[in-house]
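Just so it is clear: in the sequence shown, position 48 is 52 by my numbering, and no numbers are missing.
Ideal placement from N, C-alpha and C gives every residue a C-beta, glycine not left out.
Here's the structure we're looking at; comments come further down.
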Amino acid sequence: MPRTAPSFFSHRATVWRRLALRSACGLAVLAACAQARADSEPFVGSLMAMAGQPGGSKCPRDWLPAEGQLLPIQQNAALFSLLGLTYGGNGTTNFALPDMRGRAAVGMNQGPGLTALGWGEQGGRPSTTLSPANLPAHSHGLAATTAAATHSTPDAGRTLAQAQNAGVYASGSSPQVVLGSSGPVGGNTPVPTMSPYLVIHWCIALRGDFPQRP
């Protein structure tokens, strides 16, 4: 039986089906891109370390350097609801960001046997000066004998001994003050306490996804 040529209407329907399929694929790609973009949004209040300077600034768009600066509450309500006055501010018109300059971030410590570290707590110093209270208990021994002394000079191999025919008190003479001084050992030089470090920028997210309770 001879094959009939396709009609104009059937050809147009085929073209429409192809266009619809391409449009659906395009929408699927756009949806996937939008989802990927949404998934890449940071959480408001999260910190990010930047090794470079985008556009000559310390942090990219929608991020600010975490340097303890004050922000207006009205324009940053979401971030204020998370940080509160943990890092400073008056709580009426402004609040402060965490100041990461010259500091290392540590996790909270709560539990038996752990040093208690609360949220937003600050501590530590880059150097410290030791005092006598920091020195361990120690003693200095003195070797001596009750035998009679036979030498007048403390040469090597000789031991402090009992002096012979020597008095230590006098009577009838005017006393004279012997001047002397004593002092602690050391130069009171501060001791560095910092670990090896690398300076980078810490940035905090102003906008993004609001973190929900688990």
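Original post:
Would DSSP call alanine 167 helix, strand or coil?
Top reply: Translated into the one-based positions of the sequence shown, residue 167 becomes position 163. The DSSP-derived three-state label of alanine 167 is coil.
Original post:
So, proline 200 versus threonine 132, is the Cβ gap smaller than 8 Å?
Top reply: On the sequence shown, position 196 is the one that residue 200 refers to. On the sequence shown, position 128 is the one that residue 132 refers to. No, Cβ-Cβ distance for proline 200 and threonine 132 is not below 8 Å.
Subject >> Which residues DSSP lists as bridging cysteine 207, in chain order >> reply: Within the sequence shown, numbered from 1, the residue matching residue 207 stands at position 203. Answer is Met52, Pro69.
Original post:
What do you reckon, are the CB atoms on proline 130 and methionine 198 nearer than 8 Å?
Top reply: Taking the sequence shown and counting its residues from 1, one reaches residue 130 at position 126. Taking the sequence shown and counting its residues from 1, one reaches residue 198 at position 194. Yes, these two residues count as a Cβ contact at 8 Å.
Subject >> Pairwise C-alpha distance: alanine 70 and aspartate 103 >> reply: In the sequence shown, residue 103 corresponds to position 99, counting from 1. In the sequence shown, residue 70 corresponds to position 66, counting from 1. One C-alpha to the other measures close to 5 Å.
Original post:
Should glutamine 216 go down as buried or exposed, given a rule of 16 or more other Cβ atoms within 10 Å for buried?
Top reply: Working through the sequence shown from its first residue, we reach residue 216 at position 212. With fewer than 16 other Cβ atoms within 10 Å, it is exposed.
**OP:** For the segment 122-165, list the beta strand (DSSP E) runs that are entirely contained and at least 3 residues long, ordered along the chain.
**Re:** 148-152
**OP:** In angstroms with no decimal places, state the Cα-to-Cα distance between glutamine 166 and serine 143.
**Re:** Here residue 166 refers to the residue found at position 162 when the sequence shown is read from its first residue. Here residue 143 refers to the residue found at position 139 when the sequence shown is read from its first residue. Distance between the alpha carbons of glutamine 166 and serine 143: 23 Å.
Original post:
Taking the Cβ atom as the reference point for each residue, do leucine 101 and valine 110 lie within a distance shorter than 8 Å?
Top reply: Taking the first residue of the sequence shown as position 1, residue 101 is located at position 97. Taking the first residue of the sequence shown as position 1, residue 110 is located at position 106. In this structure, valine 110 does not lie closer than 8 Å to leucine 101 by Cβ.
Original post:
Near proline 64, what residues of its chain come up, given a Cβ to Cβ distance below 7 Å and the 5 sequence neighbours on each side ignored?
Top reply: As a first step, residue 64 must be located in the sequence shown, where it is residue number 60. Counting only Cβ-Cβ distances below 7 Å, and skipping sequence neighbours, we find Pro58.
Original post:
Going along the chain, which residues of its own chain have a beta-carbon closer than 8 Å to the beta-carbon of threonine 149, five neighbours each way excluded?
Top reply: One-based indexing of the sequence shown puts residue 149 at position 145. Thr163, Leu164, Ala165, Gln166.
Original post:
Just to confirm, are leucine 74 and glycine 95 a CB contact at a threshold of 8 Å?
Top reply: Locating residue 74 in the sequence shown gives position 70, where the first residue counts as 1. Locating residue 95 in the sequence shown gives position 91, where the first residue counts as 1. For leucine 74 and glycine 95, no; Cβs fall outside 8 Å.
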